[in-house]
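2 protein chains.
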Amino acid sequence: MENTVTKENPEEVGNHASSACTKSLGECTKSILPVRDALEVLSGKWKLPIIISLMFGNKRFSQIAKEVPGITDKMLSKELRDLEANELVKRSVYNAIPVVVEYSLTEYGFSLQNVIAVLRNWGTTHRKRIMGAE
Amino acid sequence: MENTVTKENPEEVGNHASSACTKSLGECTKSILPVRDALEVLSGKWKLPIIISLMFGNKRFSQIAKEVPGITDKMLSKELRDLEANELVKRSVYNAIPVVVEYSLTEYGFSLQNVIAVLRNWGTTHRKRIMGAE
DNA sequence: GTAAGTACTATACAAAAGGATAGTTAAATA
DNA sequence: TATTTAACTATCCTTTTGTATAGTACTTAC
Numbered sequence: 001m002e003n004t005v006t007k008e009n010p011e012e013v014g015n016h017a018s019s020a021c022t023k024s025l026g027e028c029t030k031s032i033l034p035v036r037d038a039l040e041v042l043s044g045k046w047k048l049p050i051i052i053s054l055m056f057g058n059k060r061f062s063q064i065a066k067e068v069p070g071i072t073d074k075m076l077s078k079e080l081r082d083l084e085a086n087e088l089v090k091r092s093v094y095n096a097i098p099v100v101v102e103y104s105l106t107e108y109g110f111s112l113q114n115v116i117a118v119l120r121n122w123g124t125t126h127r128k129r130i131m132g133a134e
Numbered sequence: 001m002e003n004t005v006t007k008e009n010p011e012e013v014g015n016h017a018s019s020a021c022t023k024s025l026g027e028c029t030k031s032i033l034p035v036r037d038a039l040e041v042l043s044g045k046w047k048l049p050i051i052i053s054l055m056f057g058n059k060r061f062s063q064i065a066k067e068v069p070g071i072t073d074k075m076l077s078k079e080l081r082d083l084e085a086n087e088l089v090k091r092s093v094y095n096a097i098p099v100v101v102e103y104s105l106t107e108y109g110f111s112l113q114n115v116i117a118v119l120r121n122w123g124t125t126h127r128k129r130i131m132g133a134e
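Here you go:
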């Protein structure tokens, strides 16, 4: 409503808009693909929180469960398997009595450090924003 | 199996691990929360791709649909509404004949630029990694 | 023997996300 | 009159994600 405007010069609407992306066909789409590759591995509610938890040090199953708020055993078990399959997390079994299973980040997992840092910064300002708005 | 180790010094297992996070209770959990705030707004397969598409310029509905590979009208419509609710995207209606609806990023939407840049970098190297592995 | 802890797995189910297809309104075009 | 385009909405369906609850194997503690 506020943005409704009577059209005086029709050809201007959305023109500068499309030009940037229509010039070379698919430039915009090409730029989306690597982000989708990243999202495929990281998407969902739990993967990044689990990775963050492991950035603080190697952990056992139940420790991660305690530190990632709200996660259930089933989800944690599933997500750890996914992360292991993508070589972001390593699972080490120690033949102790009783058996001890320790999870750690791989080097590759640590390569997500700046992704997480940037996301945390954005999340922090975003939280302030919504808090302030209410 | 490869990581199975006979336990000689039991107290070493997972010790340096937990210490970092158990020292001050919840330090690790606290670090997770802002990332969850960010994920709440950005999660899903489509939101970031749509935002990227709009970083290339203002667009109409069907243009975005063309540029974001695989998205359906229903998903695009829903995600645009979500993004608008979070003030990342602005919807402008022009009283043209026929009516023209244009979507653009808000300033706040543009604040995601470095999030996307970092994610794109990571995604690019990740893609190389999986391509090379196969 | 019973209970408790660790690291899970199994089952059943509910909710959310995503996909396929079709329909709507309204004007413009053939 | 029929078709096309734009910008959706509606319906139905499948998949994924998430929740709740229970169970298992093993060992130590009471």
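Note that the protein sequences, when read in sequence, are chains A and B. Under UniProt numbering, the residue at position 48 of the first sequence is numbered 48, and the numbers go up by one with no gaps. Under UniProt numbering, the residue at position 66 of the second sequence is numbered 66, and the numbers go up by one with no gaps. Cβ coordinates follow ideal geometry from the N, Cα and C atoms, glycine included.
What three-state label does DSSP hand residue i in the structure shown?
i, result
"B/Val68", "coil"
"B/Lys128", "helix"
"B/Glu87", "coil"
"A/Leu105", "strand"
"A/Lys45", "coil"
"A/Val100", "strand"
"A/Asn58", "coil"
"A/Ser53", "helix"
"A/Ser111", "coil"
"A/Leu33", "helix"
"A/Asp82", "helix"
Roughly how many whole angstroms lie between the Cα atoms of residue i and residue j?
i, j, result
"A/Ile32", "B/Trp46", "10 angstroms"
"A/Leu80", "A/Lys128", "31 angstroms"
"A/Arg120", "B/Pro98", "43 angstroms"
"B/Ser111", "A/Ile64", "32 angstroms"
"B/Ala38", "B/Ile116", "12 angstroms"
"B/Lys28", "B/Arg91", "Note that residue 28 of chain B corresponds to Cys in the displayed sequence, not to Lys. Distance between the alpha carbons of B/Cys28 and B/Arg91: 39 angstroms."
"B/Val93", "B/Ile71", "22 angstroms"
"B/Ile52", "A/Asn114", "19 angstroms"
"B/Val41", "B/Val68", "19 angstroms"
"B/Arg130", "B/Thr124", "In the sequence as displayed, the identity of residue 130 of chain B is Ile instead of Arg. So the two alpha carbons sit approximately 10 angstroms from each other."
"A/Tyr108", "A/Ala85", "12 angstroms"
"A/Pro49", "B/Leu76", "27 angstroms"
"A/Glu87", "B/Asn95", "53 angstroms"
"A/Pro34", "A/Gly26", "14 angstroms"
"A/Lys30", "B/Lys74", "23 angstroms"
Residues of chain B with CB under 8 angstroms from residue i, in chain order?
i, result
"A/Thr124", "Pro34, Asp37"
"A/Pro49", "Ile32, Val35, Arg36"
Residue i versus chain B: which residues are under 7 angstroms apart at the beta carbon?
i, result
"A/Val118", "Asn114, Val115, Val118"
"A/Arg127", "Pro34, Asp37"
Taking C-beta pairs closer than 9 angstroms, name the residues in chain A that residue i reaches, listed in chain order.
i, result
"B/Ser53", "Cys21, Cys28, Thr29, Ser31, Ile32"
Against residue i, what residues of chain A qualify as contacts under a CB-to-CB distance less than 8 angstroms, listed in chain order?
i, result
"B/Ser43", "Ser43, Gly44, Lys45"
* Okay, do the stretch 50 to 64 of chain A and the stretch 90 to 103 of chain A touch, 3+ Cβ pairs below 8 angstroms being the bar? -> Contact between the stretch 50 to 64 of chain A and the stretch 90 to 103 of chain A is present, because at least three Cβ pairs lie under 8 angstroms.
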